[in-house]
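Worksheet: one structure, shown below.
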Ligand SMILES: Nc1nc2c(ncn2[C@@H]2O[C@H](COP(=O)(O)OP(=O)(O)OP(=O)(O)O)[C@@H](O)[C@H]2O)c(=O)[nH]1
């Protein structure tokens, strides 16, 4: 062959080969023309109806990019829009992403272009950004190449970040079920980043403002209950303490009296003396209106004492309740005074009588020792019925208790049923103990037991009551003697003989001269150590005091001037005489 022809043939052959080789590439364009397929792809996605419409509304979105999709809802709408362009891409995704997407991509896979066309797109996709892929999907025609890149992103996007489709379930994405939809939807998730814009929710922070609830803390403030502690704070008591402390200076006043010792003592003594005089004056008021008043009238207004006056004085004294002997003693004193001066001064005579009376009463009587050794101090109260023995014991008990002495009353009057109860009332009133014997028990045994108890229980004072009895009844006086022995026996048990420390004979002043008779009879049976003149407040026969003391030479320890607990007074001869012979005697009619 001609070489030229040979080369021509070869050239033709080469050209033919090239033509063959190049032919497929030139056919690709027509494949794109098959793009009308996408609409079919939409058909298989009936549920995406709404989305399809939305996709049409989003045409502008691609230009704006991912940022153009703010809301989650928008992302949902975008999903369907992407479906259209992705119809061609889905096939590739189906291969890589898995079966779930097959359902949605079946149509496009079969009708779509060849895998080759998709692959190059994947290669580009590797360099592309997931966000851009999602956003660019809708504008396929304007940017044909881009739609190929988009399919690439969905590959990467899905696995890591978009897995949580649940986020889309809310809006009804369930309807968008198609996997492809899920993919684009995932992209919006990153857009969910705007969620932080939901920051407005943080505005709900106001709820934290509800923090005021913590203000409920005030409830803890209710802790004020613990504030009940305030009660301790009411310790205003402690506040009072400071005040109480102020009284501590109380010792000050105690010291003060010590400072002005003499003056204040003298003042106090005068005050006490004044009060005592008032007591005596009240108690002897009736007596003063008796024989004393008569004597006063004899001397009042008389320039000198005449013989007739001497006769009048004698008459008054002997008719008084002072007793004949005592009346004689007083009259002798007055007469001797008048005889010395011959010219008597009535006031002087009156002073002679007063001084002599004081001499009679002021006998030697030692102070009573209430803390004898051996103790306790034991007192027996004796006398006729109703003179005031029980009452006087109660008054005495009150004085001892007030003095801080442990006092025991012994109900030795077992004869009168109410006597024990009466003494019990006094015990409760003054706050001391009482020893009661059995009813109708031997009074001597009751005294023995009572005194023994007083010794055993360490009492300071044991005051024994006895039944009243007529001084004319020998058996009763014998019983009284027996009681005295029982008391001595109880006090002496286990040690040297000790007699009762005191036995007081109680005399009712209202009986006048008979009181003296009683005292003389009792003295024959029992050696009493002291006298108590009761009811002086109710009689004008107070002069009996002079007669009793002058006859018996026994001191009067107490006088009763009333029924109250403090109406028992220590007998003070000077006070008695001072009040009885006061010059300011009125001329009232006296009583005998
Ligand atoms: N006005 C006045 N009444 C007194 C005084 N002392 C006692 N009385 C009253 O005299 C009455 C008799 O007193 P009592 O203490 O029961 O006499 P009593 O000696 O214990 O009597 P008997 O147990 O029966 O022996 C009571 O009503 C006493 O209130 C006094 O000093 N003045």
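Numbering (the working numbering), first residue to last: 2 to 593. Heads up, the beta-carbon is just placed ideally off N, CA and C, and yes, glycines get one too.
What are the boundary residues of the alpha helix (DSSP H) that residue 401 is part of?
-> 390 to 403
First and last residue of the uninterrupted alpha helix (DSSP H) at residue 562 = Counting along the chain, residue 562 falls outside any alpha helix (DSSP H), and DSSP gives it neither H nor E.
Heavy atom of ligand 1 within 7 Å of residue 294 beta-carbon | no
Taking Cβ positions, are residue 278 and residue 576 nearer each other than 8 Å?
-> yes
Apply the 10 Å Cβ neighbour rule to residue 289 and answer buried if 16 or more other Cβ atoms are within range, or exposed otherwise.
-> buried
First through last residue of the alpha helix (DSSP H) which encompasses residue 510 | Segment: none, residue 510 is in no alpha helix (DSSP H) and carries neither H nor E.
In chain order, what residues of the same chain have a beta carbon less than 6 Å from the beta carbon of residue 362, not counting five sequence neighbours either side?
-> 550, 574
Of the residues 495, 528, 262, 462, the one placed nearest residue 400, counting alpha carbons only = 462
Looking only at DSSP bridge pairs, what is residue 412 linked to?
-> 437
What is the C-beta distance between residue 397 and residue 433, in whole angstroms, given that I count them as a contact (C-beta under 8 Å)?
-> At roughly 10 Å, the Cβ-Cβ gap does not stay under 8 Å, so residue 397 and residue 433 are not in contact.
Any idea if residue 519 is buried or exposed, counting beta-carbon neighbours within 10 angstroms, 16 or more meaning buried?
-> buried
For residue 384 versus residue 545, is the C-beta distance shorter than 8 Å?
-> no
Examine ligand 1 and report whether any of its heavy atoms sits within less than 7 Å of the Cβ of residue 374.
-> no
Do residue 472 and residue 451 come within 8 Å of each other at the CB atom, strictly closer than that value?
-> no
If we count the other Cβ atoms within 10 Å of its Cβ and call it buried at 16 or more, is residue 8 buried or exposed?
-> exposed
State yes or no: is the C-beta of residue 381 within less than 8 Å of the C-beta of residue 488?
-> yes
Using the beta-carbon count (16 or more within 10 Å), is residue 496 buried or exposed?
-> exposed
Distance, Cα to Cα, residue 579 vs residue 423?
-> 36 Å
Hey, would you say the C-beta of residue 546 is under 7 Å away from at least one heavy atom of ligand 1?
-> no
Below 8 Å on the Cβ atoms is my guess for residue 287 versus residue 540; work out the distance and round it to an integer in Å.
-> 6 Å
Which partner residues does residue 381 have in the DSSP bridge list?
-> 465, 504
Name, in chain order, the residues that DSSP records as bridge partners for residue 531.
-> 505
Among the residues of its own chain, which have a CB less than 6 Å from the CB of residue 29, if the five just before and after it don't count?
-> Low confidence applies here, because residue 29 scores a pLDDT of 46, under 50, leaving its location unreliable; read the following figure in that light. Within the same chain, residue 29 has no close Cβ partners at all.
Give me the Cα-Cα distance between residue 377 and residue 407, rounded to the nearest whole angstrom.
-> 10 Å
Helix, strand or coil at residue 361 according to DSSP, with G and I counted as helix = helix
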